[in-house]
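Novice:
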Amino acid sequence: MANKRKIIAEIQSPDEINFEYHVQVLIVGAGACGLTAALAANDNTNDILVLERDSILGGSTALSSGFVPAAQTKSQFSLGINDSAEIFSKDISNKAGKKQNKSLTSIVSVKCGEVLDWLGEKHGIEWQILDNFLYPGHSVHRMHAVPEKTGVGLINRLQTAVTDADIAVSTNSLVDTIFMSDDIVKGVRVQRPNNKHEFISCDNLILACNGYGANNELVRKHIPEMCDALYFGHAGNEGHAVLW
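Using this note's numbering, you'd call the opening residue of the sequence shown number 787 and step up by one each time.
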């Protein structure tokens, strides 16, 4: 179903913009991706701000099972599961009919396992292998989950890690404009529920704001065969990152 609310996602010049705050790392979106990015950035700086459009954290992650496929992890090793980035990459290729983005596949197949192990070792995220059956397309057991086996459980554990790291998170913060000069990001405009705006400058911007399933115009443009399908995902997936 089409989203009737007017979606603002603009790129503007920072000229004459009076930025009220500055941070070194600004992250848009507080789902699993955004919170993990914040924890990674915290290895190098504590000047981080995560902006979440909703009143609570979670996004699409909270609606999901929270399961994460990853290869060559310590959790797999403890169960004697023989897996590798190469096997994972081959499984992705076979499942995608050889039409996968090879560069992204390479990154995912290698880095997912490294990130899960790092989250476990440094931030205490406990992982379990779901080994009661093989998920479609996987040749070995590599689906990982937190003990709760829910997306909410994963978000809660990541949120605890972010809180313990003293990373700032601002909810009810919808980013609608990115300010750029000579292809360099200078900052963003944040819309609050009272329709007031705040202007935040940054040295680095990370977009972790998911997809565009709730934006029927973008679905019609990029996946026309799905334009009349019902959408059951997060209402905030309006495609801001695509529109920017």
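Every residue, glycine too, gets a C-beta built ideally from N, C-alpha and C.
Once you ignore the five residues that flank A856 on each side, which residues in its own chain have a CB closer than 7 Å to its CB?
Specialist: Excluding positions up to five away in sequence, the list reads C898, G899, L902, R928, H930.
Novice: Between the region 952 to 970 and the region 876 to 888, do at least 3 Cβ pairs fall closer than 8 Å?
Specialist: Too few Cβ pairs lie closer than 8 Å, so no.
Novice: What's the call for F874, buried or exposed, on a 16-neighbour Cβ count within 10 Å?
Specialist: Classification for F874: buried.
Novice: Got a sec? Which residues, its chain only, sit under 6 Å from T859 by beta carbon, not counting five neighbours each side?
Specialist: Same-chain partners within the cutoff: G899, L902, D903.
Novice: Using C-beta distances below 6 Å, list every residue in its chain close to G883, excluding the 5 sequence neighbours before and after it, in chain order.
Specialist: Cβ within range, chain order: n/a, list empty.
Novice: Grouping DSSP H, G and I as helix and E and B as strand, with all else coil, what is F985?
Specialist: Strand, per DSSP.
Novice: Using the Cα positions of K972 and L837, report the straight-line distance between them to the nearest angstrom.
Specialist: C-alpha separation (whole angstroms): 16 Å.
Novice: Apart from the five residues just before and just after G852, which ones in its own chain have a Cβ nearer than 8 Å to its Cβ?
Specialist: Cβ neighbours of G852 beyond the five flanking positions: A818, A931, V932, E934, K935, T936, G937, V938, G939, L940, I941.
Novice: Sort out for me which residues DSSP pairs G973 with in a bridge.
Specialist: Answer is F965, S987.
Novice: Exposed or buried, Y998, counting other C-beta atoms within 10 Å across all chains shown (16 or more means buried)?
Specialist: So Y998 counts as buried.
Novice: Span of the beta strand (DSSP E) holding I834?
Specialist: Run containing I834: 834 to 837, per the beta strand (DSSP E) assignment.
Novice: Where does the unbroken beta strand (DSSP E) through E796 begin, and where does it stop?
Specialist: 796 to 798 is the extent of the beta strand (DSSP E) around E796.
Novice: When the Cα of S895 is compared with those of A871, S889, H909, E912, which residue comes out closest?
Specialist: It is A871 whose Cα lies nearest to the Cα of S895.
Novice: What is the DSSP secondary structure of A788, reduced to helix, strand or coil?
Specialist: Unreliable placement is indicated for A788, whose pLDDT of 47 sits below 50; the coordinate value is still reported in the next sentence. Reduced to three states, the DSSP call for A788 is coil.
Novice: Around the Cβ of H1020, are there at least 16 other Cβ atoms within 10 angstroms (buried) or fewer (exposed)?
Specialist: Looking at its Cβ environment, which holds 16 or more other Cβ atoms inside 10 Å, H1020 is buried.
Novice: Reducing DSSP to helix, strand and coil, say where V901 ends up.
Specialist: Here V901 sits in helix by DSSP.
Novice: Are there three or more Cβ pairs, one per stretch, closer than 8 Å when the region 1008 to 1027 is compared with the region 830 to 850?
Specialist: These segments touch.
Novice: Any idea if S861 is buried or exposed, counting beta-carbon neighbours within 10 angstroms, 16 or more meaning buried?
Specialist: Burial call: buried.
Novice: Applying the criterion that 16 or more other CB atoms from any shown protein chain within 10 Å of the CB defines a buried residue, is G866 buried or exposed?
Specialist: Exposed, because fewer than 16 other Cβ atoms sit within 10 Å of the Cβ of G866.
Novice: Residues bridged to H909 by DSSP?
Specialist: For H909, which the question treats as bridged, DSSP gives no partner whatsoever.
Novice: Might you give, ordered along the chain, the residues of its own chain that have their beta carbon closer than 7 Å to the beta carbon of A827, omitting 5 neighbours on each side?
Specialist: Answer for A827: V811, I834, listed in chain order.
Novice: H930 lies in the beta strand (DSSP E); which residues open and close that run?
Specialist: Here the beta strand (DSSP E) through H930 covers 929 to 931.
Novice: Please determine, among F985, Q886, Q798, the residue with the shortest C-alpha to C-alpha distance to E806.
Specialist: Of the listed residues, the one whose Cα sits closest to E806 is F985.
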